[in-house]
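Each remark here refers to the structure printed beneath this line.
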Amino acid sequence: MSPPRYDEGADARRVRRLQRVQVGILVGAVVLVVALVGLFARQILQAEDRADSARVSQVQLVELRELLRHEYQLFWEHRALGGSGLQPGTRQAFQVGRARLGQLAAGPVDDPAEARARAASIAAGDRLGAVLARDYSHVRPGSLEDRRLIAQAVPVINALDGDLSSWIDRKRAQTESANATVTRLTRRLVGILVGFGAAILVVGVLLWLLVERARDRVARALGSEHRARGAIIAAVQDGLLVTDTGGAIVEVNDRLCEMTGRSRDALVGREPPYPFEAPYAPVSIAEVEDGERDVVIRGADGGELAVILAASPLVDDAGRPRGHVRTIKDITRRRRAEAELRGLAAEQAALSRVATAVAEGAEPDEVFRLVALEVAGLLGVEAGVVNRFDRQLGRAERVGVWVAHGGEPPPERLPLDGGAATARVFRTGAPARVDHYRRVDSRSGQQMLERGYVSGVAAPVRVGDKVWGAVAAVTTREGGLSAGAALRLARFAELVGLTVANTDARARLAAQAATDPLTGLANHRTFHERLDTEVTSALERDAPLSLVLLDLDHFKDVNDAFGHQVGDTVLAEAARRIAREARFGELVARIGGEEFAWILPGSDGLNAWTAAERVRRAMAARPFEGVGELSVSAGVCDLAQADGSADTLLRLADGALYWAKANGRDQTVSYSPDVVEELSVEQRAFRLANAQAVTALRALARAVDAKDPSTARHSERVAAMAVRLAHALGWSGERMAELSEAALLHDVGKIGVPDAVLFKPGRLTPSEVDAIRVHAALSAEIVSDVLADEQVAWVRAHHERWEGDGYPDGLSGDEIPDGARILAVADAWDAMTSVRVYGEPRTASEAMEEFARSAGSQFAPEVVAVLERLWSAGEVTARR
C-alpha cells in the first residue's frame, strides 16, 4: 500500500478557502467594530456636547449671580455712605443681567428641576425689575418709603440669588452626568474592542495552524493591515491623517478636511500645508513623533483652531518604520470656556486685591497705582492709568500709572477737549473706547500716538453725583483691546471712586473732629488733648506754661436782641481777634458757647496776663458790626499754681474767669489763692446742671421747628421780636433776657402733636384742633423745672386771647401775664409773614392790617400799638 500523495492543489485551495474565511471573519469583525465604534462615538460626542453646553451655561449663570451680588453689595455700600435711592448704574446693570438671563432661558429644557429653577429665576427677575423701575430719587434714607423699598427688594434679591444657585446646581449636575456618560461609554467601547480583538486573535491562531507556512505570509500581511486599520479606527471621531516616513500625507478622513478647510486631493501626497503652532513657538509636524501636544493650527481662511495633536508610529513585521498615524482633536470650545473661567477668576482676584487695599485704608496713591497695575494685567495692555479731572484747567492729571517694562507712560496731563477715551469720558460721563487714535483728529489723540499708543478704553470714576476722573487702559497694538474691556474697567472705577470718597470723608471727619465749625478754632476735644500734652511736656522740660480762659460779656443779650445768626457772626469775629494775638505754637480753642481757651507754652503767669490784656483791648478797640461794643473777661493761671495737673490748671483758670465776671466783667484776673475764691462742687454742679437742662430744651425746641422748613428757627425769630417789643415797652434788661429765654422754649410742647395734624393743610377737624391746643400747657409743663414761675406762666398763656376765648385757661384782659401778651404778638407776626403749609405769607402791610383789626379782641392793644410804632419807624420788616 502506497502512502497518500500530497495534493498541493488541494492545500492551495484549502489555504485559499481558509484565507477567504479569515478575510471574511476579519471583514465582518471590522464592519461590526466600525459600526459599534460609530454608534458609541456618536453617543460620546452627544454626551460631550451636552457637557460642554451645560458647562458654558453654568459659567454664564455664575457670572450673572456674581453680578447680582456685586450690585447688591454696592447698594448697601451706597446706603452706608448716606446715599439714598439707587445708584445710576444699578438699573443699567440690571437691564444687562435681565437680557442675559432671558438669553439663557431661551430654548427647550428636558430637566423638570431645571425648568422650575429657570421659571423661578425669570419670575424673580421680573419682580426685581418691577421694584427697580420706580423712581427713588425723592426717597430719604430711613423714611417709610425707604424701608418699604428694602422690605420689597431684599427678599426678591435673595430669592433671585437662590433661584440662580438652584439653576447652577442643575447645570453642574447635568455636566457631571454627561461626563459620567462619556466615561461609561468609553469604557464599554474599550471592553468591546478588547473582546473582539481576543476573538479575532483566537480565530487567527487556529487558521494560522491550519495553513502553516502559506498562512504565515498572509497572516503577516493581514496583521500589518490590521494594525494600520486599527489605528485609523481608533481615531475616526477626530481629524486623522497618515503620513509616510518622509512626512507626506497618504490618508486623511473627512473630519480633518472639515477642520482645515481643504479637500482630500489638496492634502494627500503632500506635507501638511498648514502650520502647527505651540503656545509660544511654531512646531513642525515631524517634531511630534509620539504622545500628545496642545497646538494651534491655521486653516485655509486664516482662522485659528485649538487642537490636541497625537501621533502613533507605524512599523512593519520586521520592526521597520513605515510612517505615523496622527489624530487631531478640536478643543476650541473647551479652551474658550476655560479661558472665560480663567478671565473671570483673574478679574475677581484683581478686584479683591484692590478692594482689600481700599478696605484697609491704603493711601490713595497706593490704591491708584494698584488699580493701574491690575487693569493693565487683566486686559493684557501695555499701560494702565488713573486720571483726575481738573475742570478749571480743562485737563486730566495722572495720579496713578503702570507701564510695561521699556514702555513710555501715557501723558501726565491730557487735554479734556480731544478725542482720547479719557476726554470722552469727561464730556459724556459714560465709558468710552477708541480703537484707532490715528482716526481721531485732536490734541489728546495726537499725544497718545506720540507715546506709541494706538487705542484705549476708559471708564468714569464717580464720587457722589460727580465724575471725579477716569480709569483707562491703553495699548500699542492694533486690536489689543479685548471685548468687554469697558465693563471690566467700570468695576475698578467704582473702587477708585470709593477710595476718593473714603479719603475725603476721613479728611472731613478729621477736620470736623478737631475744629469748631463756626470759628475755625480748635474744638473742646482738641483743646483737652493739647492741654494734657503741653502740661506733660512742660513738666518734663521744667518749662513754664499758662492757660487763659476768655468769655464774652453779656453775649446772651446779643442773641436775644439780634438773633443767633448775628450772634454767630460776633463769635466768629471774636475768634479772629483772639487768634491774631496768639503766637506760633500756642493754641486757641472754642470750648463753650462764648467761651475760649488759650494755651501758652513757655509763658509764665505774668506774660499770659499781658497777652490776655492785649486780647481784651483788641475786643474793645472797635465795635462789632451790627452790634456795637463788646467786652471780654479773662481768667489766667500758671502751671506753677496748679501742682502740675492739667485738670487743676483748667479749674483754677475757670475760677479766675468766674471771679472776673462776678466782679464787674471787662477785666483780666490771674489766679491767686489770696484773690480768687473757687466755686464749691455743689455750686459748679448746680450751674452746670441748669445750663445743660436749658441747652437740652433749646435743642428740643429747634428739633420741633426743623420738622418743617418753613418753621426753621421760628422760636429764635419770635424771641428776637419779643425782645424788641419788650424793649419798646420799657422792660429792664434782666426781664428781657428772661422773656427771650421763655420765647425760645414757647413751642417745645409741639413735640407731642402728631406731624399729620401739625402740618395739615386746610381746615382742621375739632379733634385735631384739640390736639393742637394741648401744646401750650405741655410746653409749660416741660419747662417748669428749668424756668422761673413767671416764665412758665408766659409760656402757658401765649395763646390766650384778649377777649377771653383763647387756650388753655380762657384768660382775658389783664389776667393774661404781660410776657404772654408780647409772645402772642411776636408769634403771630412770624406766622403771618412766613411760608406755611396752610397758606401763603402776608406782606408786612397786610399783617399790620390784621393786627389793627384784632387789637382788643385777640391781641393786647398796647402791644399792637408798639408793633405799629416799630413798623412805621422801619425797625420791623416781614421775613424774606
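Per my numbering, residue 465 is the first one in the sequence shown, and the count goes up by one each step.
Glycine residues also receive a C-beta, built at the ideal position from the N, C-alpha and C atoms.
Task: Uninterrupted beta strand (DSSP E) stretches inside the region 1055-1139 (no shorter than 3 residues) - done: Runs of the beta strand (DSSP E) inside the region 1055-1139: 1059-1065, 1096-1102 and 1132-1134.
Task: Beta carbon of alanine 544 nearer than 9 angstroms to that of asparagine 643 - done: Their beta carbons are not under 9 angstroms apart, which means alanine 544 does not touch asparagine 643 by this criterion.
Open item on the list: Report the start-end ranges of each beta strand (DSSP E) in the region 916-991 that is 3 residues or longer and not cut off at the edges.
Closed with: 919-927 and 930-939, all fully within the region 916-991.
Task: Cβ contact (3+ pairs, closer than 8 angstroms) linking the region 1060-1073 and the region 1091-1111 - done: Three or more beta-carbon pairs separated by less than 8 angstroms link the region 1060-1073 to the region 1091-1111, which places the two stretches in contact.
Task: Three-state secondary structure (DSSP) of isoleucine 772 - done: Of the three classes helix, strand and coil, the one that applies to isoleucine 772 here is strand, per DSSP.
Task: For glycine 1213 and leucine 1242, believed in contact at Cβ under 8 angstroms, the rounded distance - done: Right, their Cβ atoms sit about 3 angstroms apart.
Open item on the list: DSSP three-state label for proline 736, please.
Closed with: Of the three classes helix, strand and coil, the one that applies to proline 736 here is coil, per DSSP.
Task: CA-to-CA distance, histidine 542 to leucine 1116, given in whole angstroms - done: Approximately 49 angstroms, taken between the alpha carbons.
Task: alanine 511 versus Asp794, Thr639 and Ile664, residue with shortest Cα-Cα distance - done: Ranking Asp794, Thr639 and Ile664 by Cα distance to alanine 511 puts Thr639 first.
Open item on the list: So, with DSSP's three-state summary, where would you put serine 550?
Closed with: What sits at residue 550 in the sequence shown is leucine, not serine. Three-state result, leucine 550: coil.
TODO: Taking serine 1010 as part of the alpha helix (DSSP H), name the residues at either end of that continuous run.
DONE: First-last for serine 1010: 1009-1016, but that is the beta strand (DSSP E), not the alpha helix (DSSP H).
Task: Of the listed residues Leu628, Ala617, Arg891 and Leu649, nearest to glutamate 530 (C-alpha basis) - done: Comparing Cα-Cα distances from glutamate 530 to each of Leu628, Ala617, Arg891 and Leu649, the minimum goes to Leu628.
Open item on the list: According to DSSP, phenylalanine 1323 sits in a beta bridge with which residue or residues?
Closed with: Beta bridge pairing from DSSP links phenylalanine 1323 with Ala1319.
Task: Span separating the alpha-carbon of threonine 413 from that of alanine 1308 - done: A query on residue 413 cannot be resolved here, the shown segment of the chain reaching from 465 to 1344 and no further.
Open item on the list: Using a Cβ distance threshold of 8 angstroms, determine whether the region 485-495 contacts the region 610-620, with at least three qualifying pairs required.
Closed with: These segments do not touch.
Open item on the list: Once DSSP output is grouped into helix, strand and coil, what is the label at methionine 1266?
Closed with: The identity of residue 1266 in the sequence shown is tryptophan, whereas the question assumes methionine. Note: tryptophan 1266 maps to coil in three-state DSSP.
Open item on the list: Measuring only the C-alpha atoms, how far is leucine 1009 from aspartate 1017?
Closed with: Roughly 26 angstroms between the two C-alpha positions.
TODO: Starting from threonine 886, trace the alpha helix (DSSP H) both ways and give me its first and last residue.
DONE: Annotation: the continuous alpha helix (DSSP H) that includes threonine 886 extends over 885-892.
Task: Cβ pair glutamine 911, leucine 878 closer than 9 angstroms - done: For glutamine 911 and leucine 878, yes; Cβs fall inside 9 angstroms.
Open item on the list: Looking only at its chain, what residues have a beta carbon closer than 7 angstroms to the beta carbon of threonine 796, apart from the 5 residues adjacent to it on each side?
Closed with: Spatial neighbours of threonine 796 in its own chain (CB-CB distance under 7 angstroms, excluding positions within 5 residues in sequence) are listed in chain order as Leu769 and Ala770.
Task: Distance between aspartate 1032 and arginine 1086 (C-alpha atoms, nearest Å) - done: Cα to Cα, the separation comes out at about 18 angstroms.
- [ ] Please report how far the alpha carbon of valine 666 lies from the alpha carbon of threonine 791, in whole angstroms.
- [x] Between valine 666 and threonine 791, the alpha-carbon positions lie close to 30 angstroms from each other.
Task: Whole-Å CB distance - phenylalanine 558 paired with glycine 593, under 8 angstroms assumed - done: 7 angstroms between Cβ atoms; contact.
Open item on the list: As a quick exercise: from His788, Leu773 and Val1091, pick the residue whose alpha carbon is nearest that of valine 779.
Closed with: Distance from the Cα of valine 779 is smallest, within the candidate group His788, Leu773 and Val1091, for His788.
Open item on the list: Measuring only the C-alpha atoms, how far is asparagine 717 from glutamate 735?
Closed with: C-alpha separation (whole angstroms): 15 angstroms.
Open item on the list: Just list the residues that DSSP pairs aspartate 1253 with in beta bridges.
Closed with: In the DSSP output, where bridge partners are listed per residue, aspartate 1253 has none listed.
- [ ] State buried or exposed for glutamate 1089, treating a residue as buried only when at least 16 other CB atoms are found within 10 Å of its CB.
- [x] It counts as exposed.
Task: aspartate 1249 versus lysine 1020: straight-line alpha-carbon distance, rounded - done: Spanning the two alpha carbons is a distance of roughly 21 angstroms.
Task: N- and C-terminal bounds of the beta strand (DSSP E) containing asparagine 717 - done: Unbroken run through asparagine 717: none, as it is neither H nor E.
Open item on the list: Output needed for threonine 979: all residues of its chain with C-beta closer than 8 angstroms, excluding positions within five of it in sequence on either side, in chain order.
Closed with: Closer than 8 angstroms at the Cβ level, and outside the excluded window around threonine 979, lie Leu985, Ala986, Asn987 and Thr990.
Open item on the list: At the level of alpha carbons, what is the spacing between proline 572 and alanine 579?
Closed with: Rounded to whole angstroms, proline 572 and alanine 579 show a C-alpha spacing of 9 angstroms.
Task: Closest Cα partner of alanine 663 within the set Glu993, Leu1035, Ile489 and Asp1130 - done: Of the candidates Glu993, Leu1035, Ile489 and Asp1130, the one whose C-alpha sits nearest the C-alpha of alanine 663 is Ile489.
Task: Cβ-based burial, serine 521 [other Cβ within 10 Å; buried from 16] - done: By the Cβ neighbour-count rule, serine 521 is buried, with 16 or more other Cβ atoms within 10 Å of its own.
Task: threonine 983 classed as buried or exposed, judged by whether at least 16 other C-beta atoms fall within 10 angstroms - done: Buried, because 16 or more other Cβ atoms sit within 10 Å of the Cβ of threonine 983.
TODO: Under the assumption that valine 867 contacts alanine 847 (Cβ atoms under 8 angstroms), give the Cβ distance between them as a whole number of angstroms.
DONE: At roughly 5 angstroms, the Cβ-Cβ gap stays under 8 angstroms, so valine 867 and alanine 847 are in contact.
Task: Nearest neighbour of tryptophan 1335, chosen from Ala1316, Ala584, Gly841 and Phe1323 [CA to CA] - done: The shortest C-alpha separation from tryptophan 1335 is found at Ala1316.
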